[in-house]
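These protein sequence lines map, in sequence, to chains A and B.
If you count by the UniProt record's numbering, then the first sequence holds residues 1 to 439, one letter each, in order.
If you count by the UniProt record's numbering, then the second sequence holds residues 1 to 439, one letter each, in order.
Protein chains: 2
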Amino acid sequence: MLEGYRGKLASLLVSKGIDIGDKIRVRKGNLEVEGILFPSFSKYDDILVIKMDNGYNIGLKIDGDEIYLVCKKSVAENKETKGGEKSRGEVKIISTGGTIVSKIEYETGAVKPALTTEDILEYLPQIREIADIDAEVLFSILSENMKPEYWTKIAEETKRALDEGSKGVVIAHGTDTMTYTASALAFSFSQMTGPVIMVGSQRSSDRPSSDSPINLYSSVLLAKKSPFAEVSVLMHGESSDTYTLAHRAVKTRKMHTSRRDAFQSINDIPLAKVKWKNNEIVMMRNDFRPRGNHNTLDSKFDTRVFLLYYYPGMDPSFLETIRDKVKGIIIAGTGLGHTSEEFEPYFRSMTKDGIFIGMTSQCLFGRVNMNVYTTGRKLQNAGVVPLGDLLPETALVKLMWILAHTNDVEEVRKMMLKNLAGEFNFRHSEQLFPRWYHE
Amino acid sequence: MLEGYRGKLASLLVSKGIDIGDKIRVRKGNLEVEGILFPSFSKYDDILVIKMDNGYNIGLKIDGDEIYLVCKKSVAENKETKGGEKSRGEVKIISTGGTIVSKIEYETGAVKPALTTEDILEYLPQIREIADIDAEVLFSILSENMKPEYWTKIAEETKRALDEGSKGVVIAHGTDTMTYTASALAFSFSQMTGPVIMVGSQRSSDRPSSDSPINLYSSVLLAKKSPFAEVSVLMHGESSDTYTLAHRAVKTRKMHTSRRDAFQSINDIPLAKVKWKNNEIVMMRNDFRPRGNHNTLDSKFDTRVFLLYYYPGMDPSFLETIRDKVKGIIIAGTGLGHTSEEFEPYFRSMTKDGIFIGMTSQCLFGRVNMNVYTTGRKLQNAGVVPLGDLLPETALVKLMWILAHTNDVEEVRKMMLKNLAGEFNFRHSEQLFPRWYHE
């Protein structure tokens, strides 16, 4: 089946006995390209898409008879997987959906998660060269539709894979809420035999600029070889393709809607840099959790929480409308951790009733400090708990996890302030704030 | 009165006839420092604080008899203001409170806004060298307590000053919500004779590392001399004291809880750089609104809005609890502008009832694009309006302003998408995303 190819080019491929997945060679003037024939998603009939050995897709305009079959897919595959040998599953890839496993839905022109992990492996055979892969499609959803109950399922599948001997687990996930899921897994696993590498892509696999192959390749490499056994988010490190970065789950944030290097560590440095071209993992810190002997999982979440983004003009009586629905609130406050003083009596009354209220900052960078200004002191006095340099989103997921384990508000407070998964960084340095282009 | 001085040092000053505000000279070994005697907020009895000509405070440990009176305050003042001549008010400073006009409250150790603008001028006489100043204390509040009704008062006072001939207005404001107020003023003024420079400081004036004098100095310089007549936020440009940056109000965000260069332009470049040491204004763009002939103000706000920060696990029925209270909602969605699909029917029903729902991204950088993924298309179909590269906070203030002017939802949509104060930047470049320290 020549998925996506039409007209003259499709006929040419048929006449040469070439199928998707076959290794082919294309000559265009002085340029000679060898690689795997990839399905075409181009709107033009004369574009041939090849996945090259370096992991890139290339789209070539075919004017004449310059295509040669190098070897059939079955031969290529057998060579790589040593035909017939059952996969040992050194690395388990769990696909949950998202752009990294997406293709364009032709009827609407929008992108939908559809490709299976097997499809991905077919397009990126190099992955098989670094690890034997076990693959599974657990969900096929865009990550904006991800829910805490799915987090639990992903955590359980992950544990099963690690228990069965996988050296690491790669979770293909949509980028929208990838850091929320990553934090959920990080709080759920207190011990692990290997890392969990969450991976996504900002540009779908059918686009020549896709970050999907390099991110997936890097994540498999890390899953197999990383010295750490933590939950990490792996994405491009800068806008070109030189390296990828593995961030600590709980300190990561998607900071751009479309850039390939959108994911960045906030208030902390990443765990590792992956120089994927050399199969090299460069650790950026040594305070990581190493691979352990067993996996301890406790993955329950209570969604009776609310993330309150404070702004001037917000009516404090709004709190009354959610009061009966929540066991805890995370505030994204202003500056060092403030809301208007008018919220004080509402907070006081809620915390007296056993509702946990924690303060983070909408600045994102830096840490809250509620001892500097009068308002901060008043809010603390009303029971609001300052949460250091915790990101608002991480604080929320952590609170969901804690509330599923205790209802005792003093215990909730203690656990919220305990460094469970590296979510607090007490040593901020000048280097943690990015540099802006004004010099 | 020798505010803050105690013990031996106070006696020494008295014996020399030296008061706060006098010009003095201090010799310490080879070091000779000349400047204005500043009140001491030090906990040590032997620290003398001098405001030097370069705008810095310096704290000197006094061991012996090294202090000389250069000239009394009255003489120094008369020299500068040409004694008796009424201030022409080239620049109006309106003080609303905040750290820039704060001092430590000794009973609690917290910082409270207390210093008047006159106090500030006394400590920073250099300001008088660049412009004749009119000063006014309008409010004395920490900016987390700022409200839309105060925005209107600030706008009216600003217009009065411009109408009365001020070349520009400086508004001293707490940093917590400074960008909200700045956006509110930006949407309120459609024409201006001069700029409004919002200025704050991250460290209070009584700390040696205070950014207050340099920021205030820069803002007065800009208010008097800038070619643009827009609302701008002026703060430190980097963590040392080399330059300050004037950001366009509607594109600015406080990105750090404590750094002096916390304020940064998001998805856009600043208006100007101020090399304050040379009294130099370097324009960074030429698409600014120039000084006009008159001031047109329309400063009403409707606070029946809500900023919804989406997260996985958020219950869509939450919308029912706020439905009757709002005329509009700004969503800080994930990625390119999403919430879970489960919100779709709620949004559809609300927009049918004439409630405006606009989408921004919690990524902050980049722009929403609700045509790429199925979810985005569904939400648009339900009436959710994508708001390009608008910051969530700017979108909220803009919506408050628009809703005070029309109830027609189609008109609201049109105005939300119209570029009223430079809040949309359609030309993003690679340089707009900051650089992270991983190379």
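Even for Gly, the Cβ is constructed at its ideal location relative to N, Cα and C.
- With its beta carbon less than 7 Å from one in chain B, PRO434/A belongs to the interface.
- Between the alpha carbons of ILE18/B and MET198/B lies a distance of about 35 Å.
- THR177/A is positioned such that its CB atom lies no closer than 7 Å to that of SER226/A.
- Per DSSP, reduced to three states, the secondary structure at PHE347/A is helical.
- Among the residues facing chain B, MET416/A is not included, as its CB has no counterpart in that chain under 7 Å away.
- Per the coordinates, the alpha-carbon of PHE347/B lies some 17 Å from the alpha-carbon of ASP408/B.
- A direct Cα-Cα distance of roughly 28 Å separates ILE266/A from ALA272/B.
- For ALA223/B, the enclosing alpha helix (DSSP H) begins and ends at 212-225.
- The CB of HIS338/B comes closer than 8 Å to the CB of LEU142, GLU144, ASP176 in chain A, given here in chain order.
- Beta-bridge pairing by DSSP links VAL233/A to MET198/A, HIS247/A.
- Counting only the Cα atoms, PHE343/B lies some 10 Å from THR375/B.
- Note on geometry: alpha-carbon atoms of VAL412/B and THR252/B lie some 23 Å from one another.
- A straight line joining the alpha-carbon of LEU9/A with that of ASP45/A spans about 7 Å.
- From the listed residues ARG207/B, SER166/B, LYS167/B, the smallest Cα separation to SER102/B is found for ARG207/B.
- Of all residues in the segment 251-279 of chain A, those with a C-beta nearer than 9 Å to a C-beta of chain B are ARG253, LYS254, MET255, HIS256, THR257, SER258, ARG259, ASP261, ALA262, GLN264, SER265, ILE269, PRO270, LYS273, reading in chain order.
- In this structure, the CA atom of VAL33/B is about 12 Å from the CA atom of ILE62/B.
- Under the 7 Å criterion on CB atoms, GLU341/A is classed as interfacial with respect to chain B.
- Between the C-alpha atoms of GLY89/B and VAL137/B there is a straight-line separation of about 15 Å.
- For GLN191/A, the secondary structure class from DSSP, reduced to helix, strand or coil, is strand.
- Close partners of MET400/B in chain A (Cβ separation under 8 Å): GLY313.
- Closer than 7 Å to the CB of TYR373/B there is at least one CB belonging to chain A.
- Taking each of THR339/B, GLY337/B, LYS327/B in turn and checking the Cα distance to THR351/B, the smallest one comes out for LYS327/B.
- Of all residues in the segment 353-369 of chain B, only SER361, GLN362, CYS363, LEU364, PHE365, GLY366, ARG367, VAL368, ASN369 place a beta-carbon less than 9 Å from a beta-carbon of chain A.
- Secondary structure note for ARG207/B: it is in no beta strand (DSSP E), with a DSSP letter that is neither H nor E.
- Its chain contains GLY55, LEU124, GLN126, ILE127, ILE130, TRP276 as the residues whose beta carbon lies nearer than 8 Å to that of TYR217/B, once the 5 sequence neighbours on both sides are disregarded; these appear in chain order.
- DSSP, reduced to helix, strand and coil, places MET359/A within a strand of the structure shown.
- DSSP places GLY29/A in the coil class of the three-state scheme, outside both helix and strand.
- Scanning its chain for C-beta atoms nearer than 7 Å, with the 5 sequence neighbours on each side dropped, one finds around ARG27/A the residues GLU66, in chain order.
- By the criterion of a C-beta distance shorter than 7 Å, PHE433/B is surrounded in its chain by PHE365, once the five residues flanking it on both sides are discounted.
- Nearest to VAL220/A by alpha-carbon distance, out of MET235/A, SER210/A, MET146/A, is MET235/A.
- CA-CA distance, GLU341/A to LYS378/A, rounds to 8 Å.
- In this structure, VAL397/B lies away from GLY358/B, with their beta-carbon atoms at least 7 Å apart.
- Just measuring C-alpha positions, the residue of LEU399/B, PRO270/B, MET192/B, VAL196/B sitting nearest ALA182/B is VAL196/B.
- Within the same chain, Cβ atoms closer than 8 Å to the Cβ of ILE269/A are found at MET284, ARG285, GLN431, LEU432, the five residues on either side in sequence being excluded.
- For the 7 Å CB-CB criterion, ASP261/A and GLU238/A form a contact.
- Beta-carbon to beta-carbon, ALA229/A and LEU185/A are separated by about 12 Å, too far to satisfy the 8 Å threshold.
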